[in-house]
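*Asks:* Here the sequence shown is numbered in our numbering, starting from 35 and rising by one per residue. Virtual Cβ for every residue (Gly too), placed ideally from N, Cα, C. Predicted model, so just to flag it, every value in this text is computed and none were measured. Right, I'll just put the structure down here and ask away after.
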Amino acid sequence: MKEEATPNGMVMIAAFEGWNDACQAATNVIRHLTAVYESHEIRRIGCDGFYDYQQTRPIVCHATGRRRIVWPQTAFYDIEIAPGRHVIAQLAPEPNYRWREYCAESLRIADELDVTHVVTLGSMFADCPHTRPLPIDVNCESADVDPDQRYSGPVGIPTILDDIAAKDGFNTTTMWVSIPQYLGDGDCAQATLELLDRCSDLLGVRLDVGDLPHKAEEWKADAEMLVRCNDALGDYVRHLEAKYDRHDKARREASLGGPQCEQLVREAEAFLKNLD
C-alpha cells in the first residue's frame with residue numbers, strides 16, 4: 035500500500051446511487067467528470083450476489099435495433115483531469131447484500147490501480163434553505179472532530195467503504211452535501227457543483243464545471259417560483275434562513291480566537307472615542 039498523500043498520490047472518488055444520493059447530486063459528480071474529460075472504463079464488479087433485483091432492477095434498453103438487458107454493476111473509470119493527472123472514479127448502485135465483501139473487492143481494485151486516497155461522496159435531504167450556500171461536510175480520517183459534532187445513526191455504503199479503507203491504510207475523505215427537502219427529488223445541480231468545488235480543492239486542480247453553473251441558476255429560479263406561489267412554504271423558508279444565519283454567525287464568532295476578539299474590542303473602543 036502506497037502512503038503518498040494527495041495531491042501526489044492517486045485518488046479514487048466513489049459515489050453510489052440510492053439512499054446516499056439525494057437528487058442524484060453525488061453520482062452526478064462522477065457522470066459529469068466522465069462527460070467533460072477523457073475517460074474510459076477500466077474495471078467492473080459484477081452484480082451477482084450483491085443486489086436484490088426486486089430493489090435494484092435490471093433495465094431493458096434498445097441499441098442498434100437490438101434489445102439489451104443492463105444489469106446493476108459497479109464501474110471504475112480512469113479520468114484524465116489535467117495533462118498527466120488522472121483520478122479513478124467508482125460509480126454503482128448501492129449494493130443490497132455482503133457490504134464487507136463488496137468493499138474489500140472495491141479496495142482490492144483500488145490497490146491494483148495504485149490508489150492512495152479514497153474520497154466518498156454523498157448527498158442527503160435536510161432542513162436548509164435554497165437561498166443560502168448548501169451545507170457541506172468534509173471530513174478527513176485524520177481530522178480532529180468534536181465528538182459532539184459527529185453523526186450517529188444509520189449509514190450507507192459510502193460510510194462503510196470509508197471506514198474499511200481507513201483501516202486498510204488508505205487516506206480517506208468523506209463529503210456530504212445537504213439539499214432542501216421541500217424541493218423534491220429532481221436533479222440538484224447546485225449540490226453537484228458544490229461537491230465538485232470541494233473535489234477541486236482536495237485535488238489541487240480546478241475541475242471543469244461545464245454547464246453546472248447555468249443549471250444551478252435554473253434550479254434556484256425554479257425554487258424561487260415555487261416559494262412565491264406558496265405562502266406557507268415562503269414562511270418556512272424564511273424560518274430556515276433565520277436559523278441558518280444564526281448558526282453561521284455563531285460559527286464565525288467561534289472561529290475567532292481570544293486575541294482576535296480583544297483586537298476587535300480595542301478597534302471598536304477607538305472608533306467610539308473618535309466620535310466624541
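Which parts of the stretch 87-139 are runs of the beta strand (DSSP E), unbroken and 3 residues or longer, counting only runs that do not cross its ends?
*Replies:* Segments of the beta strand (DSSP E) lying fully in the stretch 87-139: 93-97, 100-104, 108-116, 119-127.
*Asks:* Just list the beta strand (DSSP E) runs in the stretch 175-253, keeping only unbroken ones of 3 residues or longer that don't cross its boundaries, in chain order.
*Replies:* As far as the stretch 175-253 is concerned, its whole beta strand (DSSP E) runs of at least 3 residues are 205-214.
*Asks:* Anyone know if the C-beta pair for M44 and D148 falls short of 7 Å?
*Replies:* Position 10 of the sequence shown holds residue 44. Position 114 of the sequence shown holds residue 148. Yes.
*Asks:* Is DSSP giving G80 helix, strand or coil here?
*Replies:* To locate residue 80, count along the sequence shown from 1; it is residue 46. Note: G80 maps to coil in three-state DSSP.
*Asks:* Thinking just about the alpha-carbon of each residue, which of L260, L230, A288 is nearest to the one in V311?
*Replies:* Any question about residue 311 goes unanswered here, given that the chain covers just 35 to 310.
*Asks:* Starting from T68 and walking both ways along the alpha helix (DSSP H), at which residues does that stretch end?
*Replies:* In the sequence shown, counting from the first residue as 1, residue 68 sits at position 34. Start and end: 59-70.
*Asks:* Would you identify the three-state DSSP class for L148, choosing helix, strand or coil?
*Replies:* If you number the sequence shown from 1, residue 148 lands on position 114. One detail in the question is off: residue 148 reads as Asp in this sequence, not Leu. D148 falls in the coil class under three-state DSSP.
*Asks:* Leaving out five residues on either side along the sequence, give the residues of the same chain with a beta carbon under 7 Å from the beta carbon of T154.
*Replies:* Stepping through the sequence shown from its first residue, residue 154 is reached at position 120. Around T154: A48, P192, L195, D196, T208.
*Asks:* Look at the alpha carbon of G220 and the alpha carbon of F159, and state the distance between them as a whole number of angstroms.
*Replies:* As a first step, residue 220 is located in the sequence shown; it is residue number 186 there, counting from the start. As a first step, residue 159 is located in the sequence shown; it is residue number 125 there, counting from the start. Answer to the nearest angstrom: the Cα atoms are 12 Å apart.
*Asks:* Can you tell me whether P57 is buried or exposed, with buried defined as 16 or more other CB within 10 angstroms of its CB?
*Replies:* Numbered from its first residue, the sequence shown carries residue 57 at position 23. Going by the sequence as given, residue 57 is Cys instead of Pro. With 16 or more Cβ atoms within 10 Å of its Cβ, C57 is classed as buried.
*Asks:* Is V261 closer than 7 Å to A4 when the C-beta atoms are compared?
*Replies:* Nothing in the structure corresponds to residue 4, since the chain is present only between 35 and 310.
*Asks:* Measure the CB-CB distance between G52 and E128 and report whether it falls below 7 Å.
*Replies:* Residue mapping note: residue 52 aligns to position 18 of the sequence shown, counting from 1. Residue mapping note: residue 128 aligns to position 94 of the sequence shown, counting from 1. Contact flag set, yes.
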